[in-house]
Structure formats: structure tokens, C-alpha cells
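So the sequence shown is numbered by the numbering used here: it starts at 474 and just counts up by one.
Virtual Cβ for every residue (Gly too), placed ideally from N, Cα, C.
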Amino acid sequence: MMPFDTGRPEMTAEEFRLLRDFVYGHCGILVRDDMKYVMQRRLWPRLEALGLTDFSAYYRYLRFDAQRRAELETAIEALTTHETYFFREPRQLKAFSEELLPQLERRNARTKRLRVWSAGCSSGEEAYTVAMLLKDSGRFEGWDVEVHGTDISRRVLAAARQGEYGPSALRATPPDKVARYFVHVGPNRVRVRDDIRAWVSFGHHNLQDPDTALHISRPDVVFCRNVLIYFDTPARQRVLRLIYDKLVPGGHLLLGHSENLINLSADFELVHLRSDLVYRKPELGGGGSP
474 MMPFDTGRPE
484 MTAEEFRLLR
494 DFVYGHCGIL
504 VRDDMKYVMQ
514 RRLWPRLEAL
524 GLTDFSAYYR
534 YLRFDAQRRA
544 ELETAIEALT
554 THETYFFREP
564 RQLKAFSEEL
574 LPQLERRNAR
584 TKRLRVWSAG
594 CSSGEEAYTV
604 AMLLKDSGRF
614 EGWDVEVHGT
624 DISRRVLAAA
634 RQGEYGPSAL
644 RATPPDKVAR
654 YFVHVGPNRV
664 RVRDDIRAWV
674 SFGHHNLQDP
684 DTALHISRPD
694 VVFCRNVLIY
704 FDTPARQRVL
714 RLIYDKLVPG
724 GHLLLGHSEN
734 LINLSADFEL
744 VHLRSDLVYR
754 KPELGGGGSP
């Protein structure tokens, strides 16, 4: 089948296989067999930018060129979706605020230290949302608090650090939260207030590469929502093993509403909260409160 954009090279089945497997080997992202045209369309601009005539040349560039690492990150950005927004999945956030935060306050009362990891944070909306919920609770003033967001895309991390957003990112944000936690910086543009930004940091991380996770402190809670959907079963299991190893004993894992650990991991306990289901790393010795 000819591409809709005439004059551009068509990706052969072999080129698709090579590029798909190369991307998977680097970051575990699964490009399904029926997504050849999607991959072709999203990578066409990269061929044009680099002056390459076909996808075989692009594959060789990713393998051998001196700029291959930067280009691979650009390719992965082109193949993944970063759409997100503040206060996503409110039922889960309610469970986090009303049920998990009181536990964390009691549990960490001696150290007054709290760590939350937003894995696959995209442009930062989730990490900032968590910080706003911590601030709303009034439980952690004077504590050593850090919400650390990580992503494989350096471009979205730069946007996250900037902390400026438009109407789409705010579409589920209650008006009182907009008034309290954002300042207007231009037409249809707001920035997260500095007191929230002070609790949030961002870092580059490939969820399939444990060596890039060395900068991540032992979290009390991990948000890994709508991330596992990009991976196949072995890659999901690697992500969950990394999260399990990073979490403190008794720490919690929160997944997206369509995600679960069935046939993926038996390491976590399923915890039934009033508002949602979450997962927990067992306490040392097997005890612990829900």
C-alpha cells in the first residue's frame, strides 16, 4: 500500500521489524505488528531532518552514528504519547489523600521524611498534583518532602521543570486549586506556584535500565499510572521488579485504573481501600497495617 504522503519512502516489513526490535531492546516499549504505518508516519520527519532516503539508513543511523543516542531518544518521543493532565483519576487521588496520607504521617512521624516517585511522569502534571495533595492535607509542613518525577523523554522533562501549562492540562482541575496553586503568566497560560515546585524534582530515567534509577531515593509511594500499557509482559515484569526493589517495606504502588498485576507479579499485596485498590510491598516480617 502506498503512503498517503506521496514522495516519502515506504517502510518495508523488514525495516519495521528492525526498528521495532531496536526500540524494544532499548526501552521495552512494544510497537504492535499492526502499527507499521503509525511508526512510518511518525518517523518520516526524522528521515527528512537527517537527510536520509529510507528507513534502512535510519536504522543504521540509530545503530552506528555518533549522534545515535540523542536520535534514539527523539525517535522514542515520536513513537510515544505524553498526553496527561492535572488531577487525573480523582477516585484514586481521594484514596491517596484520605487513606494513605494519614498512614504516612503516622509511619514517618519520627523521621519527618516523605518520598513519592512519579514514574513515567511525562510533562509533570501528576508529580505536581501529588505535591498539591500533600500541601492540601496540612500534614507535612516542616517535613523533608520530595515528589520525584522521572521519564525517558528529556523534552517532556524540560517542560515539567518549567511548570507552565495551558487549558488542556487543567481540564479536570477544580477552580479553587487553580486559584491556590497556579499563577497566570500569559493568555491561557499558568505556572505552578513556587511553594509547590519546591517539593518537586525531575530526573531522566529509563524504566528498563536499573542503572538509570540510581538517583531515585527509596520512595514511600510510587505512582506508575498508564505506563505499563506501553510494555509487553516481560518488560512489565522488569518495571515491577525495579519498583518493588526501590519501595520501602510497607510502601504503596498506585497503577492506572485499567492496569493490574494479574499474571505479572506476586510480590505485592492487594489492599482494598474505601475508594480504590492499591498495591503494597509487604512489611519486613510480613506484618503491617492496611
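Shortest alpha-carbon distance to residue i belongs to which of the options?
i	options	result
residue 606	509, 755, 560	560
residue 569	747, 679, 506, 640	747
residue 509	524, 665, 488	488
residue 641	505, 558, 727	558
residue 563	482, 516, 703, 602	602
residue 679	550, 634, 635	550
residue 682	708, 690, 588, 675	708
residue 496	541, 721, 523	541
Rounded to a whole number of angstroms, what is the C-alpha to C-alpha distance between residue i and residue j?
i	j	result
residue 760	residue 741	Its pLDDT being 47, under 50, residue 760 is placed unreliably in this model, and the value from its coordinates should be taken loosely. C-alpha separation (whole angstroms): 13 Å.
residue 651	residue 658	13 Å
residue 515	residue 632	21 Å
residue 476	residue 483	Note that residue 476 has pLDDT 46, beneath the 50 cutoff, so the model's placement of it is unreliable and the number below is only indicative. Between residue 476 and residue 483, the C-alpha separation is close to 7 Å.
residue 637	residue 630	12 Å
residue 586	residue 618	6 Å
residue 715	residue 743	18 Å
residue 725	residue 528	43 Å
residue 704	residue 555	15 Å
residue 762	residue 653	Reliability fails at residue 762, whose pLDDT of 43 lies under 50, so the model's placement of it is uncertain and the value that follows must be treated cautiously. When rounded, the distance between both Cα atoms is 34 Å.
residue 661	residue 635	16 Å
residue 615	residue 567	23 Å
Just grab the DSSP bridge partners of residue i for me.
i	result
residue 703	Bridge partners of residue 703: none, in fact.
residue 690	DSSP, once it has assigned bridges, lists no residue as partnering residue 690.
residue 723	The partner list for residue 723 (beta bridge, DSSP) is empty, contrary to what the question assumes.
residue 674	621
Just checking, does the region 621-640 make contact with the region 591-606 on the three C-beta pairs under 8 Å criterion? yes
Would you call the region 694-707 and the region 729-739 touching, i.e. three or more CB-CB distances under 8 Å? yes
Counting pairs of Cβ atoms below 8 Å between the region 581-588 and the region 644-659, do you hit three or more? no
If you pair each beta-carbon of the region 563-577 with each one of the region 744-758, do three or more pairs fall below 8 Å? yes
Any beta strand (DSSP E) of 3 or more consecutive residues that is wholly inside the region 530-601: 586-592
Ignoring anything shorter than 4 residues or poking outside the region 595-651, list the alpha helix (DSSP H) runs there in chain order. 598-610, 627-635
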